[in-house]
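Straight run, no breaks: the sequence shown in UniProt numbering ends on number 785. One structure is given here, and the rest of the page talks about it.
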Amino acid sequence: MATITGFIERIKFRNEDNGYTVLSVTDQNDGDEVIMVGTLAYAAEGDMIEASGHMTEHPVYGEQLQIESYEMKTPQDELSMERYLGSGAIKGIGAALAARIVRHFKADTFRVMEEEPERLSEVKGISEKMAMAIAEQVEDKKDMRQAMMFLQNYGITMNLAAKIYQQYGPTLYGIIRENPYRLADDIPGVGFKMADEIAERVGIFTDSDYRIKAGILYTLLQATSNGHTYLPQTELFAQASELLKVDPSAMEKHLMDMQIDRRVVVKQAEQGPVIYSSQYYYLELNAARMLHDLNIKGDTPEAEIKENLRKVQEIQARESQARQARTQENQTQADQAQLIQDKERQTQDSICLDSLQEKAVYEAVNSGLLVITGGPGTGKTTTINTIIRYFEMEGMEILLAAPTGRAAKRMTEATGYEARTIHRMLELVPSGPPGGDNDKSGMGTSGMHFDRNEENPLDADVIIIDEMSMVDISLMHSLLRAVNVGTRLILVGDVDQLPSVGPGNVLRDIIDSGCFNVVKLTNIFRQAAQSDIVVNAHKINAGERVDLAKRSNDFLFIRRDNPDAVISAAITLIQQKLPGYVHAQPFDIQVMTPMRKGALGVERLNQVLQNYLNPPDKSKKEREAGGIIYRVGDKVMQIKNNYQMEWEVCNKYGIPTDRGAGIFNGDVGIIREINEYAELLTVEFDEGKKIEYSFKQLEELELAYAITIHKSQGSEYPAVIIPMYNGPRMLMTRNLIYTAVTRARACVCLVGQPDAFYTMAGNCVEQKRYSGLKVRIREIYEMEG
């Protein structure tokens, strides 16, 4: 057994989860470097450690001390004190100042720091304010060491222990011993299950009041990840009972206490009591109130609107003729891709509106709030363009936005006007912790808030939001807060698409409330009707049979009877057949599948497609994380909202031209660089936005050669490939295949078994989503009489 005392010169490696550390220590006896390895609750460079253990010989790294026990020491002699203070361990003290402090107080230095810190100002260069700051750091480091060791006794990782200490300080001891479930409420990344494990180690009983209340809230929180804003009481108690292993009858009394504490809201519904977490109840209630307030009726005469609409259509006709002339002048093979886009624009800018489109324009002029919905090919874009030009002619300020970057880009291309993401329009900026004075977002997102709100509303006369089916209740609430009463808000989307990933069913609830003007476009226009993508999408939605044997230019079914054959056909399509056919790069062609697991799930497909589309190469750096190999050139997707990630756009000389923050669930990019030395991976997203990920953040990325259909919402691709193979019934649904088909601009390729397609198209059962915005809206209108 060897015992060594010395200064920690460098932390060579630390696993923040389990505390396993490799450190370089300078032995205070002979000045030699000693490598130590072991599990330490807390250690920092500059600290003094006394460690005991056995010296071992590592085959690669040589002799090292395997730590069996250790103690963090306070330096005793003057030389050790000076060295510790000058190591950088105390912010603001360098080597020269450390020498002056120790020279003045000698062996009494640390006692003075702890007991008479004001005396540090006796040293030249230290003010009274600085003296107190130094003393505070010394005390804080001592307290933190004790706290980390205490928390380690309960199996808490170093990373989490540091967060707990920063949140609670010295009060953490009482919290851990009495109510560790507070951690789940107060600290990001701590869920009920982790708090429950700590509580079990502390010895808290399974029927503890704290535990049951925390379990109920946790169950409600888990429900939001499935899209619910509330749960029926019977369902809540059943799920919480299974989680807590306690009888449902034990929860009734706690529900009343939680109502008094305003942590939950209980409402009566047709099926009995329903339970909200307070946050989501007030998001719905306030959103309903703001929607009501925006819904102002106008009185512009119909004749005036008709005359203005005639003028708009004349302008559109002239613009269309000018574009056609330019098209004829540039009819070369090199311009084929542009010609396709021009044709699409001509279709979108068609000057002949049907009666429903005209109605949408009339309602837009005379409504504070309007919903326009309809399937593919029904003229939503033409209608939006006409509305934009109408209000532009009136001299109004117009803002366009969509939930995702890709959807905003599509909106820009379709209208010729700049569209932004809703997050960017609302100006996402750094702030204090959620719930604090600076958290104005209602997002509950640490470190970020929307700068646009009721105090700083959007400066616009008309706001048009596209792809509304993707907007959840939190984002809708934030948007409504930033819209002044008197501003026209026009919501556009396909209500038959999949609902938002986040909680709520905003578009459907607004429509189903029956309280607002809704125009549903149903007429499929002649040019759109020539597309089998559009025709078959409407057949799927209506429950009509699609003829998969029909020869088609844009809707193809390729029969394959086993998963490997499906994958082989998909690779051939991506590499050889489709790029030239749809005038796109292989990376622009998207494989979409209903499921994550299985022979044709996202996880397996991505591994196989990566090997074919971006194979290993000595010139391409790689990084493995979480069982996934990330390679330069890989197509990747962000899989969670991160409001704090900073991005920048650079010109061809590498000079930044734009900066911002926020990357969102579903954004797709290409890995451009992997820097092993700096432990950074750089991804370039749409519009040239580059983001640097630390290797610890790679869990936020996944390969995107194949994606789930849910993740495709708001996007459009030149061509999509959809494996058709039997899977879980809850995933094989009509609105899922409808969404997938409508993501394709030029070609849909279904590959697999016809029965799988017909199973999906025939399964009209949608997963039940508990949301109450519709009810809240109706309640407000009923109160108004």
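Just so it is clear, CB atoms sit at the ideal spot from N, CA and C, and this is done for glycine as well.
{"Query": "Whole-Å CB distance - residue 382 paired with residue 357, under 8 Å assumed", "Result": "7 Å"}
{"Query": "The segment 498–515 in contact with the segment 307–317 per 3-pair CB rule at 8 Å", "Result": "no"}
{"Query": "Residue 646 - DSSP class collapsed to helix/strand/coil", "Result": "strand"}
{"Query": "Where residue 301 falls, given that 16 or more other Cβ within 10 Å makes a residue buried", "Result": "exposed"}
{"Query": "Exposure of residue 127, with buried meaning 16 or more beta-carbon neighbours within 10 Å", "Result": "exposed"}
{"Query": "Counterpart residues of residue 660 in DSSP-defined beta bridges", "Result": "647"}
{"Query": "Residue 384 (DSSP reduced to helix, strand or coil)", "Result": "helix"}
{"Query": "Backbone CA spacing between residue 21 and residue 125 [nearest angstrom]", "Result": "36 Å"}
{"Query": "Buried versus exposed call for residue 720 [16 or more other C-beta atoms within 10 Å across all chains shown]", "Result": "buried"}
{"Query": "Residue from 774, 723, 223, 783 with nearest C-alpha to residue 757", "Result": "723"}
{"Query": "Where the alpha helix (DSSP H) through residue 252 begins and ends", "Result": "252–260"}
{"Query": "Beta-ladder partner(s) of residue 749, from DSSP", "Result": "556, 721"}
{"Query": "Sequence ranges, alpha helix (DSSP H) only - wholly within the segment 517–542, length at least 4", "Result": "526–529, 532–542"}
{"Query": "Beta strand (DSSP E) segments (min. 3 residues) lying fully within the segment 543–625", "Result": "555–559, 590–593, 622–625"}
{"Query": "Where residue 350 falls, given that 16 or more other Cβ within 10 Å makes a residue buried", "Result": "In this predicted model, residue 350 has a pLDDT of only 47, less than 50, meaning its place in the structure is not dependable; the value taken from the coordinates is given anyway. Buried, since its Cβ has 16 or more Cβ neighbours within 10 Å."}
{"Query": "Among 451, 669, 24, 182, the one whose alpha carbon lies nearest that of residue 47", "Result": "24"}
{"Query": "Local Cβ density within 10 Å of residue 218, reported as buried at 16 or more and exposed below that", "Result": "buried"}
{"Query": "Segments assigned alpha helix (DSSP H), at least 4 residues, entirely inside the segment 76–124", "Result": "78–85, 95–105, 109–115"}
{"Query": "For residue 429 and residue 660, the rounded distance between their alpha carbons", "Result": "9 Å"}
{"Query": "Three or more C-beta pairs below 8 Å linking the segment 474–488 and the segment 742–761", "Result": "no"}
{"Query": "Counted within 10 angstroms of its Cβ, other Cβ atoms place residue 737 as buried (16 or more) or exposed", "Result": "buried"}
{"Query": "Bounding residues of the alpha helix (DSSP H) (the contiguous stretch that carries residue 216)", "Result": "209–224"}
{"Query": "Touching by the beta-carbon criterion (3+ pairs, under 8 Å), the segment 231–242 and the segment 190–200", "Result": "no"}
{"Query": "Chain-order list of residues whose beta-carbon lies under 6 Å from that of residue 420 (same chain, five-residue window excluded)", "Result": "401, 408"}
{"Query": "Bounding residues of the beta strand (DSSP E) (the contiguous stretch that carries residue 448)", "Result": "448–450"}
{"Query": "Helix, strand or coil at residue 205 according to DSSP, with G and I counted as helix", "Result": "coil"}
{"Query": "Opposing strand residues paired with residue 232 [DSSP bridges]", "Result": "274"}
{"Query": "6 Å CB neighbourhood of residue 224 in its chain, flanking five on each side removed", "Result": "503"}
{"Query": "The segment 697–714 / the segment 454–464 touching (three or more Cβ pairs under 8 Å)", "Result": "no"}
{"Query": "Identity of the residue in 119, 151, 653, 75 nearest residue 19 by Cα", "Result": "151"}
{"Query": "Contact under 8 Å by Cβ, residue 573 with residue 705", "Result": "no"}
{"Query": "Pair within 8 Å by beta-carbon distance, residue 26 and residue 9", "Result": "yes"}
{"Query": "Reference residue 584, options 220, 103, 464, 718, closest by Cα", "Result": "718"}
{"Query": "Cα-Cα separation between residue 36 and residue 631, rounded to whole angstroms", "Result": "34 Å"}
{"Query": "Residue 70 (DSSP reduced to helix, strand or coil)", "Result": "strand"}
{"Query": "Of the listed residues 378, 303, 398, nearest to residue 387 (C-alpha basis)", "Result": "398"}
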